[in-house]
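Colleague: Residues in the sequence shown are numbered consecutively from 127, following the numbering used here. Using N, Cα and C, we set each Cβ at its ideal position, and we do this for glycine too.
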Amino acid sequence: MKTAVPCYYHLDVEVSPERVGQVRRILAAHLRFWDLEDLVEPVCDGTEMLLQAIDEHATDKNTSIEMWWNGQHLITAIGENDHALRPDQELRDCLTRIAAMSDGWGCCATSTGSKIIWFSQRARAGQRVPLVPKAPAPTLREGLDTPREAAVAALAGHAGLHEPVLEEAR
Numbered sequence: 127m128k129t130a131v132p133c134y135y136h137l138d139v140e141v142s143p144e145r146v147g148q149v150r151r152i153l154a155a156h157l158r159f160w161d162l163e164d165l166v167e168p169v170c171d172g173t174e175m176l177l178q179a180i181d182e183h184a185t186d187k188n189t190s191i192e193m194w195w196n197g198q199h200l201i202t203a204i205g206e207n208d209h210a211l212r213p214d215q216e217l218r219d220c221l222t223r224i225a226a227m228s229d230g231w232g233c234c235a236t237s238t239g240s241k242i243i244w245f246s247q248r249a250r251a252g253q254r255v256p257l258v259p260k261a262p263a264p265t266l267r268e269g270l271d272t273p274r275e276a277a278v279a280a281l282a283g284h285a286g287l288h289e290p291v292l293e294e295a296r
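1. Keeping to the same chain, check which residues put their C-beta closer than 8 Å to that of Asp181; ignore five residues upstream and five downstream.
2. Ile204 to Ile224, Cα distance in whole Å?
3. Below 7 Å, is the gap between the Cβ of Thr222 and the nearest heavy atom of the ligand GTP?
4. Please state whether DSSP places Thr189 in a helix, a strand or coil.
5. Using only CA atoms, which one of Ser237, Leu217, Val149, Asp208 lies nearest to Thr185?
6. Please confirm whether Pro168 has its beta-carbon closer than 8 Å to some beta-carbon of chain D.
7. Candidates Ser237, Ala249, Thr202: which alpha carbon is nearest Asp171's?
8. Throw me the rounded Cβ distance for the Ala179 and Leu137 pair, which I believe falls under 8 Å.
9. Count the other CB atoms within 10 Å of the CB of Met127; is the residue buried (16 or more) or exposed (fewer)?
10. Where does Ala179 sit, in a helix, a strand or coil, going by DSSP?
This is the structure we're talking about:
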């Protein structure tokens, strides 16, 4: 069963071809620990695509990866520090694939000039946190006593039953 307890994970990494596989295994382990086995493949695939693109195009390979789980959505954000890297040019193919495989994505710049690329995955129907059913609200204008709390004579009078019927039921 999935928990609605928010989860957060942060990883700083210097991107290199051999580190991409290590990061994939680390993120997969955290997702399994959070009981999000079905999100391992799409999240790790998207992260791996971004890290490979950063390794190929960026001069500053220092990257931060963050994951947030809120009970229904998992948001993965990759922050890179290369001021010269243009996501709209060098990362266009990667972002197109991420847009196709995720439920939402975006890119924003920080005040320091670095960029954050994020994407989200929604837990599917079988993975949602079970909702706690609410007690139904009464629809009658006056509240009625529950049968176990009311005396038998009160129930008979309320239901319009005659006294002889109650005597036979005893």
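Modeller: The short version:
1. The beta carbon of Asp181 lies closer than 8 Å to those of Val141, Ser142, Pro143, Val146, Lys187 in the same chain, with the five residues before and after it left out.
2. Each residue's alpha carbon lies about 12 Å from the other.
3. Of ligands this structure carries none, so the ligand GTP is not represented either.
4. Thr189 falls in the strand class under three-state DSSP.
5. Comparing Cα-Cα distances from Thr185 to each of Ser237, Leu217, Val149, Asp208, the minimum goes to Asp208.
6. The displayed structure is made up of one protein chain only, and chain D is not part of it.
7. When C-alpha distances from Asp171 are compared across Ser237, Ala249, Thr202, the shortest belongs to Thr202.
8. Not confirmed; about 18 Å, so no contact.
9. Confidence in Met127 is poor, its pLDDT being 45 and thus under 50, which makes the residue's placement unreliable; the coordinate value appears in the next sentence. Exposed is the call here.
10. In the structure shown, Ala179 adopts helical secondary structure according to DSSP, grouped into three states.
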